[in-house]
Amino acid sequence: MPSRTHWKGIHTIFKRRAVNLGVDLFKAKIAELRRQIETANYNYYILDNPTISDAEYDRLMRELERLEATYPELKTADSPTQRIGNKPLDEFKTVTHRIPLLSLDNAMDEGEIREFVARVQKGLSNQDIQFVCEPKIDGLAVELVYENGVFVSGSTRGDGVTGEDITQNLKTIRSIPLRLRPNLPIPNLLEVRGEVYMDKADFQRLNEQQLREGKPPFANPRNSAAGSLRQLDPQITARRPLKIFCYALGSCNGYTFKTHYEFLKTLPPWGFRVNPLIEIATNVEALIEYYHKIESIRDAMDYDIDGVVYKVDALAQQAELGIKSRSPRWAIAGKFKAQQEVTRIINIEASVGRTGAITPVANLKPVQIGGVTVSNATLHNQDEIDRKDIRIGDWVLIQRAGDVIPQVVKVIRERRTGDEKPYKIPPNCPVCNTPLVREKDEAKHRCPNISCPAQIKASIEHFASKRAMNIDGLGDKLVEQLVDNGLIENVADLYFLSKEQLLTMERMGEKSAQNLLDAIAASKTVSLARFIYALGIRNVGEHMGKVLEKSFGTLDRLSQASEEELLAIEDIGPIVAQSIRNFFAAESNLHTIEKLIGSGIQFTTASTTPQKEGVTGKTYVFTGTLSQFTRDEAQALVEKYGGKSASSVSKKTDYVVVGENAGSKAETARRLGVKILSETEFLELIS
Ligand code: IVH
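In my numbering, the protein residues as written are 1000 to 1686.
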């Protein structure tokens, strides 16, 4: 008989095995998830060929995060979960580069490119020479260090000899591999250099966000990339849309290259992103041609470049030419014309956007920037004018980048004479003279008048839209024509249009004119909630329309509600309360409403709402695809009979209508004991 201790021993071994087996299983699962995520990243960023949806990517990430949280011992520094950003640092550590990062000499024109080629030819005693031509990315140079294939540290260029350790921030950039892909042998040490940058479109979005949040905008994509990389809190960097192009080799042990081009070709299989516009050239004419070609597409490119770079391709020839002080003799930058120029602000004007936002615009003494005449620059908002202390008459540095609206980088204070005049956005709208408003937490001033000629088209488009007054057939093109031909000046004019007037419009026949008039007439009977939404009060969406109808019952009461009365309502915060007050404080809006009511608009109320058993007063949730209606139509039907529709199932839900491919909502309904209807059953109830 085996002894007790013997059994215990076997038991412990089994238990340990079982635990190990479990961990092993998850280890394999984790490895597989990492492989799938890394492959998705590689396909997306390096091959520019996405293979899975964002939703699928997020699902894989979440699953990996969950497993790593359960088995923290399986977490590794190169896991894709480590990109989200570590704890903030107190300061960046300094690192010394193993090999200094050199800078480049500049060739300012064609002549200087020719001189460079002649120098190289002389230095190499007329050997055959091949050049690699690359765009010069306008970002921030960084160095990435890989030990045995794993990303271990990364730094800024700094002064070329020492830089700052920004490893945590670089890890958040998805186009930087955390581990080399094993498509090729893995060197035990590899240092890759490249440029971190931000796409122009991402830069613009980021700046719009900065302005919305009342923060100073960045002057250009380069500054915003630099600012994002030098954040002590990697979580902030993680939210910035940074990218990288790799273009140079530092130290390398365990892999050899004969040419620079061969090195560039090796980078993508390892997982590095390389610029697709790189070319080989074998004579000076080809170098010049490349310069003109890249310059001609500069504005259309997704990112900023400030020139091209030419490099002697053969590494042996590079070594033979050597370096002089800080720059190599084997490479040169062919610089493009500057995107910045100095000129003078002649005047500042407030321009009114389609939605009433006021943007101060500087009228400039016309100046050529990168081959384009610039005569206006945006000043964004009053805070920006104050922050940069921009005055009428100032000499300023203007920057233009592609189709981005030119901006003022800074005032040249040394050129002030004392005659410059400070500028304040005027108190009234320059187009319709309505007093301007500036709401809490808003950087921009606004014209609150929905009939302001600058905003009238946008107001009418919104008013007529499906979820507002639902005027079928009144599309954006027709609104444009009606306004441009002077037939309507505000939304109320819609209700006074005649068929004769409509027939004068392009492509408008008898039948479509009649259909439109019918649709306009039909829109006169409407719920107060929809009408409130249709008015286009800032920050008042569909849901708020319903809240306001429920709380005030009539338009009169709403228009007279004080800020305190509005704030007393649960769903209304100070921003919405202020927007509502500003709207009704504008005289012209009151006139428009008066005219609308005068045209015969009638509000459906509870007493005029048709009743239907099983619908009136009931809450519905729709899930899956319905065959007879769209989800909006089904919801409208329920609302027509005084029922409500909600987006999620709770105990308060009365019915869940289940269409094709219904998901978890049906299950929740079952769990909560909420009644489930098929589409046919719903049809029977409602018809
Ligand atoms: S090669 C020895 N290639 O330009 C060669 N630099 O003015 C070192 N840059 O510090 C750099 N695009 O930040 C190289 N395709 C490219 C580049 C590039 C942008 C930047 C880099 C460098 C600066 C030199």
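Note that the Cβ used here is the ideal one computed from N, Cα and C, for glycine as well.
Boundaries of the alpha helix (DSSP H) harbouring THR1069: 1053-1069, taken from the DSSP string.
Residue environment: MET1107 is assigned as exposed (fewer than 16 neighbouring CB atoms within 10 Å of its CB, all protein chains considered). Cα atoms of VAL1116 and ARG1328: separation of roughly 10 Å, rounded to the nearest angstrom. With the criterion CB distance below 6 Å from any heavy atom of the ligand IVH, the matching residues run LEU1101, SER1102, LEU1103, GLU1133, LYS1135, ILE1136, ALA1140, ARG1156, GLU1194, TYR1246, ALA1247, VAL1308, PRO1327, ALA1330, ALA1332 along the chain. Classified as buried, LYS1443 has 16 or more neighbouring CB atoms from the shown chains inside 10 Å of its CB. ASP1164 and GLY1157 have their C-alpha atoms some 10 Å from each other. Looking at the backbone, the Cα of SER1152 and that of GLU1142 are separated by about 8 Å. Nearest in C-alpha terms to LEU1189, of all of TYR1254, VAL1395, VAL1131, SER1464, is TYR1254. For GLN1126 against GLN1316, the beta-carbon gap comes to about 7 Å, under 8 Å, which counts as contact. Under the DSSP definition of a beta bridge, TRP1394 partners with ARG1343.
Leaving aside the five residues that flank THR1038 on each side, the residues in its chain whose CB is nearer than 8 Å to its CB run, in chain order, THR1050. Within the same chain, ARG1390, ILE1391, GLY1392 come within 8 Å of LYS1420 by CB-CB distance, once the 5 residues on both sides are set aside. In this structure, DSSP gives TYR1422 a state outside helix and strand, which the three-state scheme calls coil. Nearest to HIS1542 by C-alpha distance, out of PHE1551, TYR1532, ILE1536, is TYR1532. Each residue's CA atom was taken as its position, placing SER1374 and ASP1305 some 22 Å apart.
Annotated as proximal: ALA1491 and LEU1595, with beta-carbon spacing under 7 Å. The DSSP assignment places 1601-1603 as complete runs of the beta strand (DSSP E) inside the region 1579-1608, in order along the chain (cut-off: 3 residues).
DSSP, read as helix, strand or coil, puts GLU1163 in strand.
For THR1171, the three-state secondary structure derived from DSSP is coil.
ARG1034 is the residue among PRO1071, GLU1109, ARG1034 whose C-alpha sits nearest the C-alpha of PRO1079.
Contact between TYR1246 and ILE1112 does not hold, since the beta-carbon distance rounds to 19 Å and is not under 8 Å.
Annotation for ASP1305: the continuous beta strand (DSSP E) segment containing it runs 1304-1311. Annotation: PHE1582 to ALA1453 spans about 16 Å, alpha carbon to alpha carbon. The residue among ASP1057, LEU1024, PRO1268 with its C-alpha nearest the C-alpha of ASN1042 is PRO1268.
Ranked by how close their Cα comes to the Cα of ILE1175, the residues PRO1186, ARG1192, ASN1182 have ARG1192 in first place. Cα atoms of SER1550 and TYR1494: separation of roughly 28 Å, rounded to the nearest angstrom. If you look at PRO1359, you'll find it in the beta strand (DSSP E) that goes 1357-1368. Of the candidates GLN1610, LYS1242, SER1647, the residue whose Cα lies closest to the Cα of PHE1621 is SER1647.
For a cut-off of 8 Å, the C-beta gap from LYS1643 to VAL1655 is around 13 Å, too long to register as a contact. Rounded to whole angstroms, LYS1292 and ALA1520 show a C-alpha spacing of 58 Å. By the CB criterion at 7 Å, ILE1579 and LEU1565 fall inside the cutoff.
Within the model, the alpha-carbon separation for THR1265 versus LEU1100 is close to 21 Å. The region 1341-1350 makes contact with the region 1424-1432: 3 or more CB pairs, one atom from each, lie closer than 8 Å.
Boundaries for ILE1531: no beta strand (DSSP E) harbours it, while the alpha helix (DSSP H) harbouring it runs 1527-1533, taken from the DSSP string.
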